[in-house]
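S.K.:
There are 2 protein chains.
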Amino acid sequence: MRESEVIERLRRIATAPEARGLLDDVAVLDGYVVTHDSIAEGVHFLPQDPPASVGWKLVAVNLSDLAAKGAKPAGALLSLTISGPAEWALDFLGGIEAACESYGLPLLGGDTIGLPPAAPRVLGMTVIGRAAGEVPHRAGGKAGDSLWLVGTVGDAAAGLALLEQDPNATGVLVDIYRRPVPQLGAGAALAPHVDAMMDVSDGLLLDARRLAEASGCGATIELDLLPLSSAYVAERGQDLSARLFAAAGGDDYALLAALPREFDLETLSLPRGTRISRIGSLSGAGPALSLTFAGEPVELPERLGFEHQSNSDRGLSAAPMADRP
Amino acid sequence: MRESEVIERLRRIATAPEARGLLDDVAVLDGYVVTHDSIAEGVHFLPQDPPASVGWKLVAVNLSDLAAKGAKPAGALLSLTISGPAEWALDFLGGIEAACESYGLPLLGGDTIGLPPAAPRVLGMTVIGRAAGEVPHRAGGKAGDSLWLVGTVGDAAAGLALLEQDPNATGVLVDIYRRPVPQLGAGAALAPHVDAMMDVSDGLLLDARRLAEASGCGATIELDLLPLSSAYVAERGQDLSARLFAAAGGDDYALLAALPREFDLETLSLPRGTRISRIGSLSGAGPALSLTFAGEPVELPERLGFEHQSNSDRGLSAAPMADRP
């Protein structure tokens, strides 16, 4: 497999400025933010996952990309493949409908195709959003910026781990894994002020390194400051190992924002209940990613998140959501 | 399988006016025309098809939808699944690049995911176009309109039939099957004047019936007037049976336009070499579709084109391009 060559090739084709070098999860065309995510059965969702939750998640992961750009949902196109009983597709559409209603996203069209028997389902969605002004780039971070996280990390990864032990597991963490919440309101409030912003889908450590590298900076994450939910702490604790698991977990759909250090968050009108936490900073020198815990440096774990890799060496749990080109 | 229920369900979700009732292959959002088509290995293309031609075709079938709306290509998002050797994906991207270059379509982004081993590839593309004014609908046809066809019909179906006999077949018809040409220039020239327009992708008879039904009219096609290429005539002749095969063949990516009877085509500046033929008319009464040959009525063939149907009863040759929701 030479998938890095495939990505390289894509970058050589996508040279228009609107493509943002394929670095930014979204394209920006005139005043519109456009993104597409696909998910495959057996890779991004489990065959036994409730189909409605798969539909919900497909909408939410796309909206999370809009959230990170401060854009307002304008419309979606669905790519629906039908394989096996039609009930699955009907239930899946129930989840699509619920998420579209929840977030005011009109479904505008798409394509429905049948697959050969027993083929794993591949489901895709294109979402178009209206930008509210300048669209934040992940590459805009500056040395001295503080790094802020909207939401929590680790819940989805902990939920997936529970499902791997017991496919019938239930509870808050499983719910969060299956029904992520895009941070549209917080993203819109932050967008005019950030130097850089992206959503955390592949793991905070991996995504923070990407933001830092794209910005030509080094990121330091203070693991003590990681926002963990009480459900997460009840399940996994909050020691260094629990924090590293959360930071590399992925599927969080939190927002990572780089803001000038002096920026006063009190001036923002964030949606009620928004959890926003300073988790580190950007510097002009040093490695792309460094970690500290209780003031001491911590070695990087071997795995920072879900890297784009060949499916031959990728287990299901290793890729809830693959890297985007 | 209850796929009609799936389509019904989609229609109930997609109620925004921009969705055009899911009748029109495209959505129209502000001044933009947006469309998505997906193709699956073993359904819409053959595993042994040259990957570059699959890439070309994915771009061309999406651009054909823009052509039918008179829109100008603005950008594309690609949904790329990787399965098997990366060489396939690299060659596929070569075809994507060539078609994007040919038609001035910037690739802006998308998503790349790995599939489980041996899963058939599913490839999708969203294309966004800029509308040049009012966007023609397929539902706008009026009693008394003449039906015009841009391009020819039957070539791709004849090419596919050759490939089914011999996977190594070559020649003009095979080339047309693999590398359809979207009629962007003609579509843009016609769009301000048509009452209705759509591209012919599932078979002329089926698509003409759809246009007539959506418009509340009856369509009559005069099979004598069907434009056939010399390559088609050399391979299959031009008798009634050859004309019915061409008219139900599909994968043509011709344009079907309803124009006021008195409209003078000489006033248009169509691209040099555009083949445009009057093939019938719309009436206010009668069945949705009637055929004539040499002035005599002809019974409708059992199959009008490639209906959306369950893959369990669909052979490969029965679905080069499925119906869209």
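Sequence lines, in order, name chains A and B. Numbered according to this note's numbering, the first sequence spans residues 23 to 347. Numbered according to this note's numbering, the second sequence spans residues 23 to 347. C-beta: ideal position from N, C-alpha, C; glycine also. All of these numbers come straight from a predicted model, not from anything done at the bench.
For B:Arg258 and chain A, any beta-carbon pair shorter than 8 angstroms?
M.R.: False, the Cβ-Cβ gap to chain A never drops below 8 angstroms.
S.K.: How long is the line joining the alpha carbons of B:Gly136 and B:Gly209, rounded to whole angstroms?
M.R.: Taking the straight line from one Cα to the other gives about 37 angstroms.
S.K.: Using a Cβ cut-off of 8 angstroms (strictly closer), state whether B:Ser101 contacts chain A.
M.R.: Cβ-Cβ to chain A under 8 angstroms: yes for B:Ser101.
S.K.: Kindly say whether A:Ile198, judged by its beta-carbon, lies nearer than 8 angstroms to any beta-carbon of chain B.
M.R.: By this cut-off, A:Ile198 is not an interface position.
S.K.: Buried or exposed, going by whether 16 or more other CB atoms sit within 10 Å of the CB of A:Asp3?
M.R.: Here chain A has residues from 23 to 347 only, and residue 3 of chain A is not among them.
S.K.: Just the Cα atoms here: how many angstroms apart are B:Arg200 and B:Trp78?
M.R.: Distance between the alpha carbons of B:Arg200 and B:Trp78 is about 8 angstroms.
S.K.: Between the segment 52–72 of chain A and the segment 124–143 of chain A, are three or more C-beta pairs nearer than 8 angstroms?
M.R.: Because the criterion of three Cβ pairs below 8 angstroms is met, the segment 52–72 of chain A and the segment 124–143 of chain A touch.
S.K.: Residues in its own chain within less than 7 angstroms of B:Gly126 by CB, not counting five upstream and five downstream?
M.R.: For B:Gly126, where only same-chain residues beyond five positions count, the Cβ hits under 7 angstroms are Pro95.
S.K.: Please report the distance separating the alpha-carbon of A:Val50 from that of B:Leu99.
M.R.: Their backbone Cα atoms lie some 11 angstroms apart in a straight line.
S.K.: So with CB distances below 9 angstroms, who are the chain B contacts of A:Pro202?
M.R.: Going along chain B, no residue has its Cβ under 9 angstroms from A:Pro202, so there is no contact; the nearest lies around 17 angstroms.
S.K.: Can you check whether the CB of A:Ala121 is closer than 8 angstroms to the CB of A:Val81?
M.R.: Cβ distance < 8 angstroms, so A:Val81 and A:Ala121 count as in contact.
S.K.: Would you please verify whether the beta carbon of B:Ala41 is less than 8 angstroms from any beta carbon of chain A?
M.R.: It does: the Cβ of B:Ala41 has a partner Cβ on chain A nearer than 8 angstroms.
S.K.: Enumerated in chain order, which unbroken segments of the beta strand (DSSP E) with a length of 3 residues or greater are wholly contained in the segment 125–209 of chain A?
M.R.: The segment 125–209 of chain A contains these whole beta strand (DSSP E) runs: 129–136, 144–152 and 168–172.
S.K.: Quick check: the Cα distance between B:Pro282 and B:Lys164, rounded to an integer number of angstroms?
M.R.: Taking the straight line from one Cα to the other gives about 8 angstroms.
S.K.: Indicate whether at least one CB of chain B lies closer than 8 angstroms to the CB of A:Glu25.
M.R.: Chain B contact via Cβ: present.
S.K.: By how many angstroms is the C-alpha of B:Leu277 removed from the C-alpha of B:Leu311?
M.R.: Approximately 17 angstroms between the Cα atoms of the pair.
S.K.: To the nearest whole angstrom, what separates the beta carbons of A:Val48 and A:Thr57, a pair I think is in contact under 8 angstroms?
M.R.: About 4 angstroms separates the two Cβ atoms, so the contact holds.
S.K.: Which of the three DSSP states is assigned to B:Ser339 in this structure?
M.R.: The pLDDT assigned to B:Ser339 is 29, lower than 50, so where the model puts this residue is not dependable; a value taken from the coordinates is nonetheless given after this. Helix, per DSSP.
S.K.: Would you call the segment 248–264 of chain A and the segment 181–196 of chain A touching, i.e. three or more CB-CB distances under 8 angstroms?
M.R.: The segment 248–264 of chain A vs the segment 181–196 of chain A: in contact.
S.K.: At a CB-CB cut-off below 9 angstroms, which residues of chain A make contact with B:Ala62?
M.R.: By Cβ distance, chain A contributes Thr103, Ile135, Gly136, Leu137, Pro138, Ala141 and Val144.
S.K.: What does A:Glu172 reach in chain B if we use C-beta pairs closer than 7 angstroms?
M.R.: Looking at the sequence itself, residue 172 of chain A is Val, so the reference to Glu does not match. Neighbours of A:Val172 on chain B: none; closest Cβ ~23 angstroms, over 7 angstroms.
S.K.: Under 8 angstroms between C-beta atoms, does B:Val222 make it to chain A?
M.R.: No, B:Val222 lies away from the interface with chain A (no Cβ there is under 8 angstroms from its Cβ).
S.K.: Hey, B:Leu171 and B:Pro249 are a contact pair by Cβ (cut 8 angstroms); roughly how many whole angstroms apart?
M.R.: Yes, they are in contact, since the Cβ atoms of B:Leu171 and B:Pro249 sit about 6 angstroms apart, within 8 angstroms.
S.K.: For B:Gln205, count neighbouring C-beta atoms within 10 Å of its own C-beta (all shown protein chains included) and say buried if the count is 16 or more, exposed if not.
M.R.: So B:Gln205 ends up on the buried side.
S.K.: What do you reckon, are the CB atoms on B:Val28 and A:Ile104 nearer than 8 angstroms?
M.R.: Yes, Cβ-Cβ distance for B:Val28 and A:Ile104 is below 8 angstroms.
S.K.: Would you kindly work out how many angstroms separate the C-alpha atoms of B:His159 and B:Gly43, rounded to a whole number?
M.R.: Going from the Cα of B:His159 to the Cα of B:Gly43 covers about 11 angstroms.
S.K.: Quick check: is the beta carbon of A:Ala96 nearer than 8 angstroms to any beta carbon in chain B?
M.R.: Interface residue, yes.
S.K.: Within its chain, find whatever has a CB closer than 6 angstroms to the CB of B:Glu109; leave out the 5 residues flanking it on each side and keep chain order.
M.R.: Excluding sequence neighbours, B:Glu109 sits near nothing in its chain.
S.K.: Which chain B residues are close to A:Asp59, counting only those with a beta carbon under 8 angstroms from its beta carbon?
M.R.: Correct list: Asp133.
S.K.: Taking Cβ to Cβ, would you say A:Gly92 is nearer than 8 angstroms to A:Ala236?
M.R.: No, the pair does not count as a contact, with Cβ atoms beyond the cut-off.
S.K.: Quick one: what's got a C-beta closer than 6 angstroms to B:Asp177's C-beta in the same chain, skipping five residues either side?
M.R.: Excluding positions up to five away in sequence, the list reads Leu195, Ile198, Ser251 and Tyr254.
S.K.: At what residues does the alpha helix (DSSP H) containing A:Lys91 begin and finish?
M.R.: Premise fails: A:Lys91 is in no alpha helix (DSSP H) and is neither H nor E.
S.K.: DSSP has B:Asp221 in a bridge; who is on the other side?
M.R.: B:Leu277.
S.K.: Per DSSP, what kind of secondary structure is A:Ala230 in: helix, strand or coil?
M.R.: If DSSP states are grouped into helix, strand and coil, A:Ala230 belongs with the helices.
S.K.: Within the 8 angstroms Cβ cut-off, does B:Ile301 reach chain A?
M.R.: With 8 angstroms as the cut-off, B:Ile301 does not count as an interface residue toward chain A.
S.K.: Name, please, each residue of chain A whose Cβ falls closer than 8 angstroms to the Cβ of B:Glu329.
M.R.: Going along chain A, no residue has its Cβ under 8 angstroms from B:Glu329, so there is no contact; the nearest lies around 11 angstroms.
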